[in-house]
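Worksheet: one structure, shown below.
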DNA sequence: GCAATTCACCTGTATATACAAGTGAATTTT
DNA sequence: AAAATTCACTTGTATATACAGGTGAATTGC
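Protein chains in written order, with the numbering used here: chain A, 85 to 317; chain B, 85 to 317.
Here it is as structure tokens:
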């Protein structure tokens, strides 16, 4: 319910960086300093620093300290190489294979690049570029969802919604996410297996059988019923 | 020196998945089970599971357990949308802006997609696609370095090598990495600021000045001098 | 038969602690 | 003056512990 302590510290650090108070390559407070400033243990402060490092915001060096990473590009002189043309020019066969698409929430690294806020929606897709049916390049795309509405215009029941259901999010958000991924018809059909009520008015209950649908949809915010379980096909 | 315990557990789990012993969506041992199996504390076992989750190999759900994620694509029916054409068709101005390139080692998620081993070299680059000078799509490319030798054919002194220097790697590996990123001429020039000996024969010592070059290059494996410090421009 | 409760298990957060090992500057020794 | 040592500080790894809260299946109550 309440925001975890390590998240609060992450937010504080990110605000300092985004507002320019802490600039690139500058040293940020150490684990012990943050721990005493926020009144938490060192391991909690460490988690904040570590997660921001994993997200590309900070850079750590054993013995030296933690620094603001250089996330903004330095060079625009770089040439953009086209792997498709290069593969073809070398006499190989080229093909591109899409390998999935999701709608997710931007983390710090993505938010900085796309100039959006952390938590804003982005469409994420992956494409494999093949040379003679061998993967040569993986391409990942993060599209600003606000600028390209209805980027997903298919029924994504082919994607196991396991990840979506287990995402941490407000219940109304989660409900919305499922709608975006599975069409209402698909959800209704799945629920029909258990002869439940229509979509969005299903009440959670427990089933003892393994490997079948186990799903609940929230009716409204504050409702005692929750979005739970995960879908197994 | 020795492989950390959490890394050993990560490797064990990954081997089970890659060999097919543990298949997709299958439940993996819980934190407590792994802890007792490997004779470590729960937090150590947790770290292995958590990092593999962050890398996209596993999927966790509070209360339920940890599962093998569905990292392989289910659908190849997806259309590949071309953001450049769409932006132009909508009457906006389109431009692409490269925002950095690195040579790094593949983690589990990349290794699976590109069908290479964890730790194999890949070239990583980012490109921002702009609509009216506003970012609309971030593109990330991971190129199998073995298939495209000399993908980087420029002198990358524009990239702060801070991250490379702090990478965990055998010293000889690290030396090699620096050579790949900074040309020998660049390193020599930088070192000349401190009037040190020629590149690759520099001995580490301590300098008390801030904000200037502080670098040491390994002479040979087993040498008592080490690769240390980080480069500040 | 259906609903509510219980219960064992699992993940998430948080603390306190310990030791290892790298860093950088000051200090001491040669 | 140069090399070696010391020392305070920092991050990395690891353990033990505690409690919160979600899950799923069994149990109980009506």
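Using N, Cα and C, we set each Cβ at its ideal position, and we do this for glycine too.
Just so we're clear, the structure is a prediction, and the values are computed from it rather than from any experiment.
| Asked | Found |
| --- | --- |
| Measuring straight from C-alpha to C-alpha, what distance separates residue 101 of chain A and residue 121 of chain A? | 18 angstroms |
| Of all the alpha helix (DSSP H) runs that stay within the bounds of the stretch 196-222 of chain A, which reach a length of 4 or more residues? | none |
| Output the boundary residues of the beta strand (DSSP E) element that contains residue 150 of chain A. | 149-152 |
| Inspect the beta-carbon positions of residue 211 of chain A and residue 171 of chain A and report whether they are closer than 8 angstroms. | no |
| In angstroms with no decimal places, state the Cα-to-Cα distance between residue 118 of chain B and residue 124 of chain B. | 8 angstroms |
| Less than 8 angstroms between the beta carbons of residue 106 of chain A and residue 152 of chain A, yes or no? | yes |
| Do residue 136 of chain A and residue 115 of chain A come within 8 angstroms of each other at the CB atom, strictly closer than that value? | no |
| Going by DSSP in three states, residue 165 of chain B sits in which element: helix, strand or coil? | coil |
| Contact defined as beta carbons within less than 8 angstroms: I believe residue 190 of chain A pairs with residue 203 of chain A. What is the distance between those atoms, to the nearest angstrom? | 6 angstroms |
| At 9 angstroms on the CB atoms, spell out the chain A contacts of residue 220 of chain B, in chain order. | 198, 227, 228, 231, 232 |
| Could you name the residues that DSSP lists as bridge partners for residue 131 of chain A? | The partner list for residue 131 of chain A (beta bridge, DSSP) is empty, contrary to what the question assumes. |
| Applying the 10 Å Cβ sphere with the 16-neighbour rule, what's the burial state of residue 226 of chain A? | buried |
| If you measure from the beta carbon of residue 215 of chain A to each beta carbon in chain B, is any gap under 8 angstroms? | yes |
| Please return the same chain residues whose Cβ sits closer than 7 angstroms to the Cβ of residue 93 of chain A, not counting the five positions on each side in sequence. | 118, 122, 129, 132 |
| Using C-beta distances below 6 angstroms, list every residue in its chain close to residue 213 of chain A, excluding the 5 sequence neighbours before and after it, in chain order. | 167, 180, 220, 221 |
| What does a CB cutoff of less than 8 angstroms around residue 103 of chain B pick up in its chain, not counting 5 residues either side in sequence? | none |
| Note down, in chain order, all residues in the stretch 163-180 of chain A with a beta-carbon under 8 angstroms from any beta-carbon belonging to chain B. | 163, 164, 165, 167, 170, 180 |
| Which term fits residue 196 of chain A, buried or exposed, when burial requires 16 or more other beta carbons within 10 angstroms of its beta carbon? | buried |
| Output needed for residue 110 of chain B: all residues of its chain with C-beta closer than 7 angstroms, excluding positions within five of it in sequence on either side, in chain order. | 151, 152 |
| Quick one: Cα of residue 164 of chain A to Cα of residue 233 of chain A, how far? | 27 angstroms |
| If you check the beta carbons only, do residue 207 of chain B and residue 229 of chain B fall under 8 angstroms apart? | yes |
| Can you give me the start and stop residues for the beta strand (DSSP E) that residue 118 of chain A sits inside? | It is not in any beta strand (DSSP E) - residue 118 of chain A instead sits in the alpha helix (DSSP H) that spans 115-122. |
| Taking DSSP as the reference, what is the three-state secondary structure of residue 112 of chain B? | strand |
| Does any residue of chain B have a CB that is nearer than 8 angstroms to the CB of residue 223 of chain A? | yes |
| Under 8 angstroms between C-beta atoms, does residue 138 of chain B make it to chain A? | yes |
| Does the beta-carbon of residue 90 of chain A have 16 or more other beta-carbons within 10 angstroms, so that it is buried, or is it exposed? | buried |
| Give the DSSP bridge partners of residue 181 of chain A, in chain order. | A/212 |
| Within the same chain, show all residues whose beta-carbon is closer than 7 angstroms to that of residue 177 of chain B, passing over the 5 residues directly before and after it, in chain order. | 216 |
| Check whether chain B comes within 8 angstroms of residue 212 of chain A, counting only Cβ atoms and requiring the distance to be less than that. | yes |
| I want to verify the contact list: residues of chain B whose CB lies under 7 angstroms from the CB of residue 194 of chain A, in sequence order. | 222 |
| Return the Cβ separation of residue 98 of chain B and residue 192 of chain B in integer angstroms, given the expectation that the two are a contact with Cβ distance under 8 angstroms. | 6 angstroms |
| Would residue 113 of chain B pass as an interface residue toward chain A - the criterion being a Cβ-Cβ separation below 8 angstroms? | no |
| Rounded to whole angstroms, what is the Cα-Cα separation between residue 95 of chain B and residue 87 of chain B? | 10 angstroms |
| To the nearest angstrom, how far is it from the Cα of residue 224 of chain B to the Cα of residue 169 of chain B? | 19 angstroms |
| Just verifying my parser: in three-state terms, what is the DSSP assignment at residue 136 of chain A? | helix |
| I'd like the span of the beta strand (DSSP E) that includes residue 143 of chain B, first residue to last. | 142-145 |
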